[in-house]
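Scroll down for the structure; my scribbles are underneath it.
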Amino acid sequence: FALVGAAESKGPNNIFGTLSQKLFLIRSGQQVIIDTLSLPVPFQYFHLLTTMICANLGLWAYSMGLTDSIFAPVVFFFASLIFIGMMELSSDLSDPFGDD
Numbered sequence: 003f004a005l006v007g008a009a010e011s012k013g014p015n016n017i018f019g020t021l022s023q024k025l026f027l028i029r030s031g032q033q034v035i036i037d038t039l040s041l042p043v044p045f046q047y048f049h050l051l052t053t054m055i056c057a058n059l060g061l062w063a064y065s066m067g068l069t070d071s072i073f074a075p076v077v078f079f080f081a082s083l084i085f086i087g088m089m090e091l092s093s094d095l096s097d098p099f100g101d102d
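Counting along the sequence shown from 1, when you hit position 63 you're at 65 in our numbering, and nothing is skipped either side.
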């Protein structure tokens, strides 16, 4: 539509090349965004990551349960908070535009 409008305006001849280059540049940028959004995190990778975090937290809980330190529950709480928070952050970063 922009090229049709430029043709009807009787502008200089070199405006068509410049305008079409700008439009193709904008279109290629839009295509990069569409391609990025259509490539979600693979299903198997997400579940493998979840399984690894659950196993890691289970081993941390077992090892913290065997220690005689009174700080073990506090350390485990913050370690689990960090691990689960990183998993949520990676989940949010995999879909940067959300459900908008």
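The C-beta atom is built at its ideal place from N, Cα and C for all residues, glycine as well.
Note that the structure is predicted; figures quoted are calculated from it, not measured.
>> Taking the alpha-carbon of I86 as reference, which of G67, M54, P75, S71 has the nearest alpha-carbon?
In response: M54
> Cα-Cα, which of W62, P75, L39 is closest to L95?
Replying inline: L39
> Since M88 and F78 are thought to touch, with beta carbons under 8 Å apart, how far apart are those beta carbons, to the nearest angstrom?
Replying inline: Contact between M88 and F78 fails: their C-beta atoms lie close to 16 Å from each other, not under 8 Å.
> Taking DSSP as the reference, what is the three-state secondary structure of S92?
Replying inline: Here S92 sits in helix by DSSP.
>> Residues in the same chain with beta-carbon distance under 7 Å from S58, minus the five sequence neighbours each way, listed in chain order, please.
In response: Sequence check: residue 58 is Asn here, not Ser. Once the five neighbours on either side are set aside, the close Cβ partners of N58 are F85.
>> Can you give me the C-alpha to C-alpha distance between C56 and H49, rounded to a whole angstrom?
In response: Each residue's CA atom was taken as its position, placing C56 and H49 some 10 Å apart.
>> Assuming S30 is part of the alpha helix (DSSP H), what are its boundary residues?
In response: 16-39
>> For D70, which residues in the same chain have their Cβ closer than 7 Å to its Cβ, ignoring the five residues on either side in sequence?
In response: Cβ within range, chain order: n/a, list empty.
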